[in-house]
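Enquirer:
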Amino acid sequence: MRWREIFGRTIIALLCASANGAQAQSLYGIGRPATAAEIAGWNIDIGRDGSNLPKGSGSVSHGREVFAQQCASCHGDKGEGGIGDRLVGGQGTIGTAKPIRTVGSYWPYAPTLFDYIRRAMPQNAPQSLSDDDVYAVSAYVLNLNGLVGADATLDAKSLAEIKMPNRDKFVGDARPDVK
Amino acid sequence: MSSTIESRDKSARATRRRFLQGGGAVAGVVLGAGASTAAETENLPPNIPDWMKAPGDPMGSQPYGAPSPFEKGVVKNVSKTLKQYISASGRTPLQELDGIITPNGLFYERHHGGVPTIDPAQHRLMLHGLVERPLIFTVDDIRRFPSESRIHFLECSGNPGYTKPYGKTASDLVGLLSCAEWTGVSLKLVLQEAGLKPEAKWIIAEGADAAALTRSIPIEKCLEDAMLVYSQNGERLRPQQGYPLRLLLPGFEGNMNVKWLRRLHATAEPAYSREETSKYTDLLPDGTAREFSFYMEAKSIITRPSGGQHLSGPGFHEITGIAWSGHGKIRRVEVSVDDGKSWQDARLQEPVLTRALTRFRLPWQWDGKPAVIQSRAIDETGYVQPTFAELLAIRGENYFYHNNAIWPWRIASGGEVTNALA
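Going line by line, the protein sequences match chains Z and B. Taking our numbering, the leading residue of the first sequence gets 1, the next gets one more, and so forth. Taking our numbering, the leading residue of the second sequence gets 180, the next gets one more, and so forth.
1) Kindly confirm or deny that the segment 388-395 of chain B and the segment 556-572 of chain B touch, where touching means at least three C-beta pairs closer than 8 Å.
2) Could you have a look at His-444 of chain B and say whether DSSP puts it in helix, strand or coil?
3) Would the segment 362-381 of chain B and the segment 442-451 of chain B be scored as touching if the rule is three or more Cβ pairs under 8 Å?
4) Gly-47 of chain Z touches chain B at which residues, Cβ-Cβ below 7 Å?
5) Determine the chain Z residues that contact Tyr-562 of chain B at a beta-carbon separation under 9 Å, and present them in chain order.
6) Cβ of Thr-271 of chain B within 8 Å of Cβ of Gly-487 of chain B?
7) Report all residues from its chain with a CB closer than 6 Å to the CB of Ala-405 of chain B; omit the five preceding and five following residues, and keep chain order.
8) Checking 8 Å against the spacing of the C-beta atoms, do Leu-352 of chain B and Pro-344 of chain B come in under that value?
9) So what does Ala-359 of chain B bridge to, in DSSP terms?
10) Under 8 Å, with one C-beta from each stretch per pair, do the segment 158-171 of chain Z and the segment 69-76 of chain Z reach the 3-pair mark?
11) Report the three-state DSSP secondary structure of Asn-124 of chain Z (helix, strand or coil).
12) Residues of chain B with CB closer than 8 Å to the CB of Glu-38 of chain Z, please, in chain order.
13) Mind pulling the chain B residues with CB within less than 9 Å of Ser-26 of chain Z?
14) Within 10 angstroms of the Cβ of Tyr-409 of chain B, are there 16 or more other Cβ atoms? Answer buried if so, exposed if not.
15) Report the rounded CA-to-CA distance for Tyr-264 of chain B versus Gln-301 of chain B, giving the unit in angstroms.
16) Out of Z:Gly-104, Z:Val-66, Z:Gln-123, point me to the one whose CA is closest to Val-134 of chain Z's CA.
17) Does Met-121 of chain Z pass the burial test, meaning 16 or more other C-beta atoms within 10 Å, or should it be called exposed?
18) Please report the straight-line C-alpha distance between Ala-535 of chain B and Ile-590 of chain B, rounded to a whole angstrom.
19) Taking only beta-carbon atoms, is Ala-405 of chain B less than 8 Å away from chain Z?
20) Can you give the beta carbon distance from Ser-452 of chain B to Thr-112 of chain Z, rounded, assuming they're within the 8 Å contact cut?
21) Measuring CB to CB, does Tyr-580 of chain B end up less than 8 Å from Tyr-459 of chain B?
22) I'd like the ranges of any alpha helix (DSSP H) spanning at least 4 consecutive residues and lying wholly in the segment 463-551 of chain B.
23) Which of helix, strand or coil does DSSP assign to Asp-558 of chain B?
24) May I ask which residues mark the beginning and end of the beta strand (DSSP E) holding Gly-269 of chain B?
25) One question on the structure: do Arg-119 of chain Z and Ile-315 of chain B come within less than 8 Å of each other, judged by their Cβ atoms?
26) Going along the chain, which residues of its own chain have a beta-carbon closer than 6 Å to the beta-carbon of Glu-221 of chain B, five neighbours each way excluded?
27) Using a Cβ-Cβ cut-off of less than 7 Å, list which residues of the segment 99-119 of chain Z approach chain B; keep chain order.
28) Measuring alpha carbon to alpha carbon, tell me which residue in B:Glu-334, B:Glu-311, B:Lys-438, B:His-307 is nearest Gly-293 of chain B.
29) If you draw a straight line from the C-alpha of Asn-583 of chain B to the C-alpha of Arg-555 of chain B, how long is it?
30) Could you name the residues of the same chain whose beta carbon sits closer than 6 Å to that of Pro-176 of chain Z, not counting the 5 residues immediately before and after it, in chain order?
31) Just verifying my parser: in three-state terms, what is the DSSP assignment at Thr-342 of chain B?
32) According to DSSP, simplified to helix, strand and coil, what is Gln-274 of chain B?
33) Does the beta-carbon of Pro-237 of chain B have 16 or more other beta-carbons within 10 angstroms, so that it is buried, or is it exposed?
34) From the beta carbon of Arg-86 of chain Z, is the nearest beta carbon of chain B less than 8 Å away?
35) Hey, would you say Glu-311 of chain B sits closer than 8 Å to Ala-373 of chain B, going by beta carbons?
36) Less than 8 Å separating the beta-carbons of Gly-575 of chain B and Ser-491 of chain B?
Structure representation (structure tokens):
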């Protein structure tokens with residue numbers, strides 16, 4: 001009984017100590033440290049500013065070839081859509097009654113295009129494309145949308161520098177908007 | 180009254196009416212006209228039914244168990260016209276269920292790269308970024324933390340859309356909704372274990388599916404009531420629900436409750452990933468779009484009587500349905516049986532839990548005349564569920580997500596129930 005009281009108080013003290021933020025020493029000692037190599041292997045998140053984009057590059061012309069082989073069966077030869085989403089066009093439609101949401105018309109940041117293609121595409125074999133191929137496909141899709149020239153080659157820096165047309169159109173959640 | 184059959188001819192209706200009189204409505208629907216005739220004559224009073232004259236199935240014939248074969252129509256509602264099935268959804272048959280808990284086999288599904296088969300012994304959760312101690316956990320590690328169980332609903336934010344909310348049944352309309360008792364560990368505890376740095380304002384969660392789906396969650400939610408979940412309604416998660424580990428964010432749109440959770444990345448900024456820019460954003464008529472709109476607002480629907488069902492005739496009927504709010508508890512549900520002219524309070528079935536389905540009931544004497552019935556939920560913040568017209572007036576029909584409108588049902592003089600807005 002006495003032991004349980006002391007033990008209980010200790011636990012409460014520990015919980016209080018860590019309540020101010022989670023910087024305190026670990027309470028339970030569960031889990032093991034993740035190494036830098038392990039984190040680098042799994043952390044494929046790319047910031048909207050292009051942070052964490054990998055080395056490498058890809059041209060629009062190479063992207064056209066990869067797209068034809070890997071993407072066109074779902075997205076159409078020119079990204080016009082099919083089983084998969086339409087990727088091209090729609091610019092100028094977003095504020096109309098019939099908006100067409102594509103990479104070119106709706107996506108606010110270009111680096112997230114690389115992020116999504118690398119992590120999830122092609123749908124039947126995600127994470128199978130090389131980083132160079134992902135840059136190339138990103139470049140081709142952006143070229144189809146008129147956002148880079150046909151002779152463009154994209155890498156971490158140039159991809160991050162592209163200003164997407166719809167970038168400034170996203171706003172916060174204003175709900176409750178109906179009362 | 181509880182039928183999955185949406186249309187039927189007069190002879191089937193007549194058969195069913197006979198059956199209702201015999202008290203075997205469900206069996207009548209499943210068996211159909213031919214089989215039911217024999218059952219009626221041989222197994223109804225004063226005769227002794229066949230199933231009392233011989234032993235039933237022995238113990239162990241179903242080591243896991245399955246519903247009665249007469250309930251085989253109560254299944255997930257999967258559209259037959261999906262473009263593809265790898266990134267698709269299946270709905271809970273809300274109109275067939277009672278209470279507030281969704282059986283695991285009928286829990287709604289939405290996945291973006293198919294359902295992975297994950298060996299829990301090989302699964303890992305990595306927690307890194309703005310933390311003092313980046314950590315890797317096994318599933319057994321997660322189960323060592325102090326556990327908790329809570330009942331919460333989960334709902335897809337596109338439940339339903341705005342352009343064609345013309346489903347016939349309650350499931351067609353808002354079947355991307357389910358509720359379960361979840362068991363796991365408070366995410367706050369796990370974050371404390373790693374030592375969250377003050378600059379960490381968001382946690383990016385990633386799934387171990389073929390979509391490697393990511394969503395960014397504000398740190399306030401992570402420290403409030405988020406859970407890492409491994410069990411649902413007492414058993415381990417089903418693969419469709421994220422086995423062996425998922426995130427649960429009570430009251431937040433379903434897509435953020437990342438399944439097959441493998442990574443938590445503490446960051447200063449959200450990811451602005453594909454899901455949270457090109458997909459789960461709400462487009463307004465002026466061309467702006469709301470981003471990071473997480474909460475599911477108060478909502479309700481009458482599930483009985485509801486679309487596709489049939490009132491057997493004038494007289495007593497209980498109106499019942501479900502209400503829920505991502506902002507907390509349901510305070511009140513009002514029901515109208517006169518097309519919105521007047522409203523009366525429904526009785527709320529206990530327990531009334533925060534961010535959980537709440538069952539409501541109202542006794543009703545139907546006079547046999549055409550009627551329009553509907554429900555509206557009021558949550559503990561005082562928010563009142565709006566009409567579809569009120570939502571459309573502000574959001575337009577391209578808003579796509581977070582449609583929490585009132586859904587009225589029309590009852591014809593013959594008892595047939597249909598979507599009053601279709």
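Here a beta-carbon is modelled for each residue, glycine too, at the ideal position from N, C-alpha and C. Just so we're clear, the structure is a prediction, and the values are computed from it rather than from any experiment.
Expert: Answer, in terms of the structure:
1) no
2) strand
3) yes
4) Glu-448
5) Pro-176, Lys-179
6) no
7) Leu-366, Leu-428
8) yes
9) B:His-331
10) no
11) coil
12) Met-305, Ile-315
13) Glu-311, Arg-312, Leu-314, Gln-371, Glu-372, Ala-373, Gly-374
14) buried
15) 27 Å
16) Z:Val-66
17) buried
18) 29 Å
19) no
20) 6 Å
21) yes
22) none
23) strand
24) 267-269
25) no
26) none
27) Pro-99, Arg-101, Tyr-106, Trp-107, Pro-108, Tyr-109, Thr-112, Asp-115, Tyr-116, Arg-119
28) B:Lys-438
29) 10 Å
30) none
31) coil
32) helix
33) exposed
34) no
35) yes
36) no
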